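Taken in order, these protein sequences are the chains called X and F.
So in the working numbering the end of the first sequence lands on 467, straight run, no missing numbers.
So in the working numbering the end of the second sequence lands on 467, straight run, no missing numbers.
Don't be surprised by glycine CBs; every beta carbon is placed ideally from N, CA and C.
Bear in mind the structure is a predicted one, so any value in this text is a computation, not a measurement.
There are 2 protein chains.
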Amino acid sequence: MAKAGVLTPQATDFPRWYQDVLGKAELAENGPVRGTMVIRPYGYAIWERMQAEMDQRIKAAGARNAYFPLFIPESYLKREAEHVEGFSPELAVVTHAGGKELEEPVVVRPTSETVIGEFMAKWIQSYRDLPLLLNQWANVVRWELRPRVFLRTSEFLWQEGHTAHATREDAAAYARRILHEAYADLMATVLAIPVVAGVKTRRERFAGAITTLTCEAMMRDGKALQMGTSHELGQNFARAFDIRFLDAAGERPYAWTTSWGSSTRMVGGLIMTHGDDAGLRIPPRLAATQVVVTVVKSGEGVGEVAAKLVGDLITAGVRAELDDRVDVAFGRRAVDWELKGVPVRIEIGPRDLAAGAVTVVRRIPGTKATVPIETVLSDVTEALEIDQAALLAEATQLRDARTVDVASVDEAVAVAVDDEGWARIPWATLGEEGEARLSESAVTVRCLIRPDGGVPDSEDEPDLIAVVGRSY
Amino acid sequence: MAKAGVLTPQATDFPRWYQDVLGKAELAENGPVRGTMVIRPYGYAIWERMQAEMDQRIKAAGARNAYFPLFIPESYLKREAEHVEGFSPELAVVTHAGGKELEEPVVVRPTSETVIGEFMAKWIQSYRDLPLLLNQWANVVRWELRPRVFLRTSEFLWQEGHTAHATREDAAAYARRILHEAYADLMATVLAIPVVAGVKTRRERFAGAITTLTCEAMMRDGKALQMGTSHELGQNFARAFDIRFLDAAGERPYAWTTSWGSSTRMVGGLIMTHGDDAGLRIPPRLAATQVVVTVVKSGEGVGEVAAKLVGDLITAGVRAELDDRVDVAFGRRAVDWELKGVPVRIEIGPRDLAAGAVTVVRRIPGTKATVPIETVLSDVTEALEIDQAALLAEATQLRDARTVDVASVDEAVAVAVDDEGWARIPWATLGEEGEARLSESAVTVRCLIRPDGGVPDSEDEPDLIAVVGRSY
């Protein structure tokens, strides 16, 4: 389906292909301040659909949305030692406001554990107030020296969940619930992205966490992208912010907290998991526009039939859109819809229509068929289901084909660097020393998993497998 | 229905009543950095419902959501002279980031006309690209010396629409369409807040606009609150950012732009329009929880009946919630639901149930009735509709009763200051001199309207009426 010249082919230069898609599909571009991005309407519609699906899952897991301030007193960040060390190099600092120099500079939130910790301490009195399950949709700022739109930007949009629990076990269970029921489920069933869920090594852990759980996806160039993380924070933030509760025995122990986040980075993951040389391929369940009905040429009742079909599709629960811009060349519109990755395009022209037929172009398998107008509704509905599954199957196959079991650090480097894939190596064989050696080749342990693929309780379990690769 | 001691009565001290409600109904509180706020889950749920209703109306008006950066180069703001003058005193400035001093300081957006103008100039080539209709949901920062939660905060959440058009007429029509179809309609039909829509005087205009349209509501203390504004920006920003388009005649004229915003301030307006001495009163169409089914005491199948009723209500399209926290005193829960303003409370206890009845407490009229369990579903559905209308009627009546026609500046001041209401005075009588005199008593012209109540094309139309009052 690729049209020569529209995009740099993936095989020629994957990063350039990515930049090309961002521009040609009108997804996003760089903002004027270094590392910031402008998300254009077509890109934002993808994010909005992700948000809606994620928000639904987070609410189903019992968390409630709230909003905490963008500005955090600098002193708050210093209260948790590892946290401030982790984030200090990336902070943006407001020193002047309202025409004056501030007495205490404020930082623009890089994440909100500290300010939310302060309020959890106020709101939690007794065990009856636990668990406290909060989530916020917000922008955060982490200054980036090597920004890349959607993947690593100085400002990004995300949700950050923050919860407090009476016991370590309850906190651990909740961090896992979010990982599976919100993140991994959304990614598999809506984004059609198969993720490996596991635990991070000490080296890769979130600053201030005792355990970091992660969902890792493989991009079409064999690199990994971290799609969402869920952290057990132990009692670290509870100690720093004095989050305590009166328990049934009359004691006032510290609570156990968690935090978890997923961001606009998922949009980048979506592009790089499914895109091909003709542009994006949006999974039908995610697509804001699932079907576009294109009027090839006006006249002979074509416009009316097309409009009616859009209405019928919408009535049938399909997100459909009409393209009747006949003043724009048909070929150009076809290329545009391909670039934008709309799953199904129905083309209606006078000739086809005279024969009682329309043309159905499916972006995911790349097929084109003439379909009788009477059956187009059921054909298309069915195609959307089939293509959703096909996209997940294709991504899973690509990932599995590029994942190799190895037995030494050298082999792991070779797989990640030369073969551009993932290596699976026993964590007992690799260890922290091996992990340090990998880093010399810009290779990292993406996560540790159990031999059966399950998520470990911690990185100290025996017999774990390290999944190793290059990453964004 | 007021319970003594829970809230300061409105008549005693309205601002304290407002602060009390914010706390007791768990809506919001002050953040640690001056002027910032923390929106708690119950308050945020109100905002989320407003957002959803507003977003729907904005999309129906053809605008598409996008996202532009939080950080704006300081130089951008300086390009439009009035704009920079208007916003300079309120800016928060980032001077350090990533551990270094920045070469050019960046401001935290107080509004996004400038950065969006920059991109409109890139995206608009010809008349075919017009109108360009954008909207963004975002946080903005305007440093406040006298902050008040929801009403005036250093950071607030809002939507800001930005559009570009080929002609002045088209821009003017669109600014009005948003004012009526998005803002005034949402406020009347969902928030049950009657607004006066009109045009601002030169003195009260948005910095950089040629016309500012506004929706003004009267709070229960007789003061005005600006609930949403829509601006014609003329060609001011188009000139500053070089937003031009190739027209059909081959010329490249400047575009005509608009901007329009509504914010978390609406939550404050909701509280102060409908709240009474017992707490909030949420309009049924807005309420995230329209009906709470309270188990008075457990036992004898009460819990099961209550749970089934919640299920039946949800099936019937009612947003219902179960309160079966029988370990918390029933009286305390009743006071809580009243404070939170949930429109209908259904109380189920063993005694009533034995008689085949439940108690229905309606927050808005403040009535309590025993209702046979067979008819409760239809009774409640009907009550929600009736109470939505009643709330709007009550607010309209309160406002109209406190609005007086006057013929002199002195009378206008007396009405606004002594009688705590609004005065209507011919603009020809008041004029800019009279407006300046009003300001000595902290009284302002809220807006100018036509004698028939319509929105004028501009403040220069003859026979306009000035609506005058104190404001938040």
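Rounded distance between the beta-carbons of residue j and residue i, thought under 8 angstroms
i: residue 275/X; j: residue 317/X; result: About 20 angstroms; that fails the 8 angstroms criterion.
i: residue 125/F; j: residue 160/F; result: 6 angstroms
i: residue 150/F; j: residue 31/F; result: 5 angstroms
i: residue 263/X; j: residue 146/X; result: 4 angstroms
i: residue 179/F; j: residue 210/F; result: 5 angstroms
i: residue 442/X; j: residue 195/X; result: 6 angstroms
i: residue 28/X; j: residue 65/X; result: Not a contact, Cβ separation roughly 16 angstroms.
i: residue 467/X; j: residue 218/X; result: 6 angstroms
i: residue 1/X; j: residue 330/X; result: 6 angstroms
CA nearest to the CA of residue i, picked from the options
i: residue 375/X; options: 344/X, 340/X, 278/X; result: 340/X
i: residue 400/X; options: 135/X, 411/X, 356/X; result: 411/X
i: residue 158/F; options: 78/F, 114/F, 148/F; result: 114/F
i: residue 127/X; options: 251/X, 430/X, 385/X; result: 251/X
i: residue 379/X; options: 72/X, 91/X, 187/X; result: 187/X
i: residue 243/F; options: 80/F, 120/F, 50/F; result: 120/F
i: residue 36/F; options: 26/F, 28/F, 20/F; result: 20/F
i: residue 416/F; options: 194/F, 465/F, 231/F, 352/F; result: 465/F
i: residue 8/X; options: 408/X, 383/X, 267/X; result: 267/X
i: residue 432/X; options: 407/X, 142/X, 321/X; result: 407/X
i: residue 80/X; options: 203/X, 228/X, 26/X; result: 203/X
i: residue 387/F; options: 421/F, 1/F, 190/F, 15/F; result: 190/F
i: residue 57/F; options: 78/F, 453/F, 129/F; result: 129/F
i: residue 349/X; options: 153/X, 366/X, 336/X; result: 366/X
i: residue 93/F; options: 95/X, 97/X, 88/X; result: 88/X
For residue i, three-class secondary structure by DSSP
i: residue 417/X; result: strand
i: residue 457/F; result: coil
i: residue 95/F; result: strand
i: residue 145/X; result: coil
i: residue 138/X; result: coil
i: residue 268/F; result: helix
i: residue 214/X; result: coil
i: residue 403/X; result: coil
i: residue 205/F; result: coil
i: residue 316/X; result: strand
i: residue 184/F; result: helix
i: residue 285/X; result: coil
i: residue 462/F; result: strand
i: residue 193/F; result: strand
i: residue 131/F; result: strand
i: residue 426/X; result: helix
i: residue 439/F; result: strand
i: residue 452/F; result: coil
i: residue 444/F; result: strand
i: residue 398/X; result: strand
i: residue 84/X; result: helix
Sub-9 angstroms separation of residue i and residue j beta-carbons
i: residue 342/F; j: residue 354/F; result: yes
i: residue 184/F; j: residue 280/F; result: yes
i: residue 71/X; j: residue 106/X; result: no
i: residue 345/F; j: residue 288/F; result: no
i: residue 444/F; j: residue 450/F; result: yes
i: residue 46/X; j: residue 132/X; result: yes
i: residue 282/X; j: residue 327/X; result: no
i: residue 68/X; j: residue 101/X; result: yes
i: residue 181/F; j: residue 48/F; result: yes
i: residue 236/F; j: residue 59/F; result: no
i: residue 301/X; j: residue 290/X; result: yes
beta-carbon residue i near the ligand COA non-hydrogen atom, thresh 8 angstroms
i: residue 17/X; result: The model depicted lacks the ligand COA and carries no ligand whatsoever.
Next item on the list: Please go through the stretch 221 to 266 of chain F and give each complete beta strand (DSSP E) segment of 3 or more residues, from N-terminal end onward.
Entry: Here the runs fully enclosed are 251 to 258.
Check: Which runs of the alpha helix (DSSP H) fall wholly inside the stretch 337 to 378 of chain F and span at least 4 residues, in chain order?
Finding: For the stretch 337 to 378 of chain F, the full-length alpha helix (DSSP H) segments reaching 4 residues or more read 345 to 349 along the chain.
Next item on the list: Could I get the ranges of all uninterrupted alpha helix (DSSP H) runs contained in the stretch 54 to 78 of chain F, with 4 residues as the minimum, in chain order?
Entry: 69 to 72
Next item on the list: Any chance you could list the beta strand (DSSP E) runs of at least 3 consecutive residues sitting entirely within the stretch 148 to 173 of chain F, in chain order?
Entry: Within the stretch 148 to 173 of chain F, the complete beta strand (DSSP E) runs of at least 3 residues fall at 150 to 160.
Next item on the list: Scan the stretch -3 to 60 of chain X and note each continuous beta strand (DSSP E) run of 3 residues or more that stays entirely inside, going in chain order.
Entry: Scanning the stretch -3 to 60 of chain X from its first residue to its last, the whole beta strand (DSSP E) runs of 3-plus residues come out as 23 to 25, 32 to 34.
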